[in-house]
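Numbered per the numbering used here, the sequence shown finishes at 242, counting up by one with no gaps. The beta-carbon is built from N, C-alpha and C at its ideal position, and this holds for glycine as well. Computed from a prediction, not measured in an experiment: that's the story for all the values here. Remarks on the structure that follows.
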Amino acid sequence: NNANGLAFDTKGLLLAAEHEPGHVTRMREDGSIEIIASHYMGLRLNSPNDIAVRSDGTIYFTDPPYGLVNRKAELDFMGLYRINLKGELFLEAKYYHNPNGLAFSPDEKTLYLALTVAGEILALDVAENGATSNPRRFALVSRPDGITVDVVGNVYIAGVNGVEVFRWDGAYLGTIISERRPANCTFAGEDGRLLVITARDCLYSVRMPIPGF
Numbered sequence: 030n031n032a033n034g035l036a037f038d039t040k041g042l043l044l045a046a047e048h049e050p051g052h053v054t055r056m057r058e059d060g061s062i063e064i065i066a067s068h069y070m071g072l073r074l075n076s077p078n079d080i081a082v083r084s085d086g087t088i089y090f091t092d093p094p095y096g097l098v099n100r101k102a103e104l105d106f107m108g109l110y111r112i113n114l115k116g117e118l119f120l121e122a123k124y125y126h127n128p129n130g131l132a133f134s135p136d137e138k139t140l141y142l143a144l145t146v147a148g149e150i151l152a153l154d155v156a157e158n159g160a161t162s163n164p165r166r167f168a169l170v171s172r173p174d175g176i177t178v179d180v181v182g183n184v185y186i187a188g189v190n191g192v193e194v195f196r197w198d199g200a201y202l203g204t205i206i207s208e209r210r211p212a213n214c215t216f217a218g219e220d221g222r223l224l225v226i227t228a229r230d231c232l233y234s235v236r237m238p239i240p241g242f
């Protein structure tokens, strides 16, 4: 179903943002698929794109229009959503500049959000109950997509120019350049120091001095 963003929940089950049907799903241990989000206020979601999971199990996802190819939008906005521990869906905010990548700071008090069309990365405060507030500009990146964070709080953002890296306070640190335009990035490996970068038709990996969060 044109799955885009992937994440694991706190039980190790795979979550997927499925573009074409407009679902967020969970794959159970037996391989069966559970739809955990498909509609908001009775209207079908646009095209869930990326997912972030807080350590308490709260799930966040973005809903831009990228997968709206064979159907019309039922919602007149794009959104950032939260699924609480009871499975209830909350609209955190409406956006009109294609909300995309998501990632938490190491203390989980900040959620970073990419607005692709605006070329902007927002930082949002995260309350104990999971609600977000106080959106503010963190960085400007051309056509930002996926986001990841390391253990000291540096933020890695896939964009047109490569994977741009910013310190926790927004200071620019540099860009990891790849031959193909990157779409997403995450840390992997036994020591968590392997930065894996996805592009349209290939994967890159870079050994980093700091492990991912």
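Among the options, the one whose alpha carbon lies nearest that of residue i
i, options, result
"Gly182", "Ala160, Ala152 and Ile112", "Ala152"
"Leu44", "Glu219, Gly108, Gly86 and Thr145", "Gly86"
"Tyr125", "Leu114, Leu74 and Val146", "Val146"
"Ser171", "Ile62, Ala32, Val189 and Asp59", "Val189"
"Met56", "Tyr69, Thr39, His68 and Arg196", "Thr39"
"Val82", "Arg229, Gly148 and Leu42", "Leu42"
"Asp198", "Cys231, Thr139, Asn33 and Gly159", "Thr139"
"Ser67", "Thr161, Tyr110, Pro211 and Val235", "Tyr110"
"Pro211", "Ser84, Gly175, Leu120 and Phe167", "Gly175"
"Asp105", "Ser234, Ala122 and Glu63", "Ala122"
"Leu120", "Ser84, Ala160 and Leu114", "Ala160"
Neighbour-count burial assignment, residue i, 16 or more Cβ in a 10 Å radius
i, result
"Pro238", "exposed"
"Asn78", "buried"
"Asp92", "buried"
"Tyr141", "buried"
"Glu76", "The question names Glu, but residue 76 in the sequence shown is Ser. With 16 or more Cβ atoms within 10 Å of its Cβ, Ser76 is classed as buried."
"Met107", "buried"
"Leu72", "exposed"
"Ala46", "buried"
"Phe6", "Residue 6 is absent from the model: the chain starts at 30 and stops at 242."
"Ile112", "buried"
"Asp59", "exposed"
"Ala200", "exposed"
"Ile88", "buried"
"Gly116", "exposed"
"Ile150", "buried"
"Asn127", "buried"
"Glu219", "exposed"
"Leu131", "buried"
"Leu74", "buried"
"Glu63", "exposed"
Anticipated Cβ contact below 8 Å, residue i with residue j, distance rounded
i, j, result
"Thr16", "Gly191", "Nothing can be reported for residue 16: it is not among the residues displayed for the chain, which extend from 30 to 242."
"Ser243", "Ile226", "For the chain, the structure presents residues 30 to 242; residue 243 sits outside this window and is missing."
"His255", "Asn31", "Here the chain comprises residues numbered 30 to 242, so residue 255 is not present and cannot be evaluated."
"Asn129", "Pro164", "In fact, because the Cβ distance is near 15 Å, the residues do not count as touching under 8 Å."
"Ala143", "Ile80", "So it is not a contact: roughly 13 Å between Cβ atoms."
"Val180", "Pro240", "5 Å"
"Leu223", "Arg209", "Between Arg209 and Leu223 the Cβ distance is about 18 Å, and since that is not below 8 Å, they are no contact."
Exercise for the section: Could you say if the segment 207-226 and the segment 151-165 meet the contact criterion of at least three C-beta pairs nearer than 8 Å? Expected result: no
Problem - 3-residue-minimum beta strand (DSSP E) runs that sit fully inside the segment 154-188, ordered along the chain - result: Counting only runs of 3 or more, we get 161-169, 176-178 and 184-188.
Handout entry: Segment contact flag, the segment 135-146 with the segment 96-103, C-beta cutoff 8 Å, min 3 pairs
Key = no
Problem - Ordered list of beta strand (DSSP E) runs contained in the segment 205-231, each at least 3 residues - result: Within the segment 205-231, the complete beta strand (DSSP E) runs of at least 3 residues are 211-217 and 223-228.
Handout entry: Contained beta strand (DSSP E) runs [length at least 3] in the segment 75-161, N- to C-terminal order
Key = 80-82, 88-92, 107-112, 118-124, 128-133, 139-144 and 149-155
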